[in-house]
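*Asks:*
Residue numbers (our numbering): 16 to 264.
#1: For residue 103, which three-state DSSP category applies?
#2: Using the C-alpha atoms, what's the distance from residue 240 back to residue 206?
#3: Specify the secondary structure class of residue 54 as computed by DSSP and reduced to three states.
#4: So who's on the other strand from residue 244, going by DSSP bridges?
#5: Start and end of the beta strand (DSSP E) containing residue 84?
#6: Strictly by DSSP, which residues pair up with residue 76?
#7: Please confirm if the stretch 19-32 is in contact with the stretch 46-62, defined as three or more CB-CB distances below 8 Å between the two stretches.
#8: I'd like to check one pair, residue 113 with residue 178: are the Cβ atoms closer than 8 Å?
#9: I believe residue 99 touches residue 135 by the beta-carbon criterion, under 8 Å. Please report the beta-carbon distance rounded to the nearest angstrom.
#10: Could you tell me whether the Cβ atoms of residue 106 and residue 140 are closer together than 8 Å?
#11: Between the stretch 245-261 and the stretch 192-200, can you find at least three pairs of beta-carbon atoms closer than 8 Å?
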């Protein structure tokens, strides 16, 4: 049985005071005995603060991105070892905003996945299609290509030690959400694709949904057989909303 994971991606939001209020509210509001695994991914500059606030809480934390390089003259970049210095468990790799705004292609995302995993981080690998790709029937081809790049670089067994997040790009920050059935269809495709190469990996890997998950749709989404939680954007910045999603698992 796969444990539900709800991971908050704060993106470029937060301040020391807001972070403290948010994290303390999440800690105090998380129900005792909640079986869902909870994680937050703040901007890198706030990871030390979040680590201090979450010590011994049972809530994990992680980075939103990392460099494909281990060290060197790469101004502004953050390495896997730097994230590990602050006890990060997770790192988001290949988020659609990194792909679209910063030109990260499938090969670079695969490289980052390998670097993260070799260092001991758990990559949250984001895959997903644009609206025009969905409308032209290319969803599976696009996601298949994104997965194949990582499988070629890391091997299928490595996928079993990671997390996949399906984020339909057309449903991020737009208020649009794939219906639970639409999301399940893509999640099932991902699992079936992996099962064709390794049934154990396909059964083990957690596949999150990441497209405008909110308190009023989380339970229905998480009830789908191949949806194992959510990668939460905007709703992760509001403690009440985030907690409602965590408790929906």
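Cβ coordinates follow ideal geometry from the N, Cα and C atoms, glycine included.
*Replies:* Reading it off the structure:
#1: Sequence index remark: in the chain shown, residue 103 carries index 88 (1-based). Residue 103 falls in the coil class under three-state DSSP.
#2: Translated into positions along the chain shown, residue 206 becomes position 191. Translated into positions along the chain shown, residue 240 becomes position 225. Spanning the two alpha carbons is a distance of roughly 11 Å.
#3: Translated into positions along the chain shown, residue 54 becomes position 39. Looking at residue 54 - three-state DSSP - the assignment turns out to be strand.
#4: Locating residue 244 in the chain shown gives position 229, counting from the first residue. BP columns for residue 244 point to 20.
#5: If you number the chain shown from 1, residue 84 lands on position 69. Looking at the DSSP string, residue 84 is not in any beta strand (DSSP E), and its letter there is neither H nor E.
#6: Residue 76 sits at position 61 when you count from the first residue of the chain shown. For residue 76, which the question treats as bridged, DSSP gives the partners 55.
#7: yes
#8: Position 163 of the chain shown holds residue 178. Position 98 of the chain shown holds residue 113. It is not a contact, given that the beta carbons lie outside the stated cut-off.
#9: Sequence index remark: in the chain shown, residue 99 carries index 84 (1-based). Sequence index remark: in the chain shown, residue 135 carries index 120 (1-based). Indeed they touch by this definition, with Cβ atoms about 6 Å apart.
#10: In the chain shown, the residue the question calls residue 106 occupies position 91. In the chain shown, the residue the question calls residue 140 occupies position 125. Cβ atoms of residue 106 and residue 140: not closer than 8 Å.
#11: no
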